[in-house]
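Sequences listed follow chains A and B, in order. Take 4 as the starting number for the first sequence in the working numbering and just add one per residue. Take 4 as the starting number for the second sequence in the working numbering and just add one per residue. Written below as structure tokens is the structure these notes are about.
There are 2 protein chains.
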Amino acid sequence: MQTAILLYDGMTVLDAIGPYEVLQSVPGVEVCFVARERGEKRADFKRLGLTADYTLADVPRPDILLVPGTPFPQAVTGDPEVLEWIRAVHATTTWTTSVCTGALGLAAAGVLAGKRATTHWLALDALTQFGAMPVTERVVRDGKIWTAAGVSAGIDMALALVGEQFGAAAAQTAQLIIEYDPQPPFDAGSPDKAPAPIVAALREQFGKLLQG
Amino acid sequence: MQTAILLYDGMTVLDAIGPYEVLQSVPGVEVCFVARERGEKRADFKRLGLTADYTLADVPRPDILLVPGTPFPQAVTGDPEVLEWIRAVHATTTWTTSVCTGALGLAAAGVLAGKRATTHWLALDALTQFGAMPVTERVVRDGKIWTAAGVSAGIDMALALVGEQFGAAAAQTAQLIIEYDPQPPFDAGSPDKAPAPIVAALREQFGKLLQG
Chain A
4 MQTAILLYDG MTVLDAIGPY EVLQSVPGVE VCFVARERGE KRADFKRLGL TADYTLADVP
64 RPDILLVPGT PFPQAVTGDP EVLEWIRAVH ATTTWTTSVC TGALGLAAAG VLAGKRATTH
124 WLALDALTQF GAMPVTERVV RDGKIWTAAG VSAGIDMALA LVGEQFGAAA AQTAQLIIEY
184 DPQPPFDAGS PDKAPAPIVA ALREQFGKLL QG
Chain B
4 MQTAILLYDG MTVLDAIGPY EVLQSVPGVE VCFVARERGE KRADFKRLGL TADYTLADVP
64 RPDILLVPGT PFPQAVTGDP EVLEWIRAVH ATTTWTTSVC TGALGLAAAG VLAGKRATTH
124 WLALDALTQF GAMPVTERVV RDGKIWTAAG VSAGIDMALA LVGEQFGAAA AQTAQLIIEY
184 DPQPPFDAGS PDKAPAPIVA ALREQFGKLL QG
């Protein structure tokens, strides 16, 4: 089962790496990193490069598509070539998935029209401009489309997807390999749990950026 | 505050990327990826490359050191040059940290002698051969040394470290940015929670590999 993870300059790395780490542990899953051009793509704040081993043309029919997010959604929504590839491969995927604002990429490609979907909490409103129905849940499945909330939610989504496709034992095995027994030292991981001033500060800082 | 994350061929990518994503969101933290040579390092199962922008010599006095793990601990424990760098930078770090079997790297460098530490559940026994005291906890702090359990535990460790160094608000902000409100669909993330046959199968598959 071929999984294509899209890379691009400006991506948020954990969006891609959470699901990658879960999926690569499943026997029979092949994970490949794909970009418009082969070679290094730089992360959102330029502190890290990841290598795309394959071009979009190299991977025309992945079974699973994963589009990671970015604080700069135009990096995907403003790239016609990438949007066309998303649209094309979605036609034949088993599962089409996104993490964080990667959902805006799926949406801009037309894939989420009329679909229930989620994204980073700061970007939920932006989904409506593409005709998607925003849902405040950590992982949302609508038919063959799975969308995850912000950044770290991709781990939960990937485990759910592996459970659906390969059975509970495969997902539990992946979970135990990555020892995913979360014990966050604070309880501030969603806007309804975090202190209000922190929520407000992030809305101020990133709110406009994430509108697709 | 300079954070050096060690890269090497064979590393488990999420070990590095969980903490990176937390730390890079904190104002005043500079994260750099360091390796014996500048350039691409390939992940544990060769499906992805990450770029080291800096050599060990480029980063002689990081404030925070992070050593990620690997299914092949010899990649670190068998590299005298990397061990010497770990030993040298540890002398002046504010915090020395590891994720997963990265602890075996710290241990082989002599940093964990007589210290309480943790690592991936499959590698806990191996810590004793270097004089460390294995602890079955997700995040262990002994003085300025923080060690995290397997792979995903680095996220929890980084949040705890940020809380300690920069205060609760900084950690809560980082947690909310990455929307870390975990909701794993299964409860199999530690050997005492996962089904026994899955624990046994992973011991069989990886147990010998992870002995340092």
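Just so you know, even glycine gets a beta-carbon here, dropped at the ideal spot from N, CA and C. All figures in this text were calculated on a predicted structure; none of them were measured in a lab.
Chain order gives no chain A residues near W149 (chain B), where near means a beta carbon separation below 7 Å; the closest approach is about 12 Å. When Cβ-Cβ separations below 8 Å define contact, E182 (chain B) makes contact with chain A. With fewer than 16 other Cβ atoms from the protein chains shown falling within 10 Å of its own Cβ, Q208 (chain A) counts as exposed. G42 (chain B) carries a strand assignment under DSSP once its states are collapsed to helix, strand and coil.
Rounded to whole angstroms, the Cβ separation of L68 (chain B) and H93 (chain B) is 7 Å, and the two are in contact under 8 Å.
Residues of the same chain with a CB within less than 6 Å of the CB of D66 (chain B), apart from the 5 flanking positions on each side, are M4, Q5, T97 in chain order.
Less than 8 Å divides the Cβ of V16 (chain A) from the Cβ of E24 (chain B). For W124 (chain A), at least one C-beta of chain B is nearer than 8 Å to its own C-beta. In the assembly as shown, E182 (chain B) is a buried residue. Its beta-carbon has 16 or more other beta-carbons within 10 Å. DSSP places G52 (chain A) in the uninterrupted beta strand (DSSP E) bounded by 52-55. Excluding residues up to 5 positions away in sequence, V25, A174, A177, Q178 lie with their Cβ nearer than 7 Å to the Cβ of L162 (chain B) in the same chain. Between G105 (chain B) and P71 (chain B) the beta-carbon gap is near 5 Å, inside 8 Å, which marks them as a contact. Its Cα nearest to that of A191 (chain A), the residue A:L205 stands out among A:P22, A:D145, A:L205. In summary, A126 (chain B) is buried, with 16 or more beta-carbon neighbours lying within 10 Å of its beta-carbon over all protein chains present.
E40 (chain A) is positioned such that its CB atom lies closer than 8 Å to that of T58 (chain A).
For L162 (chain A), the enclosing alpha helix (DSSP H) begins and ends at 156-169. Contact residues of the region 79-106 of chain B toward chain A are C103 (C-beta to C-beta distance below 8 Å). Within the same chain, S28 come within 7 Å of I180 (chain A) by CB-CB distance, once the 5 residues on both sides are set aside.
In this structure, the alpha-carbon of E43 (chain B) lies about 11 Å from that of L51 (chain A).
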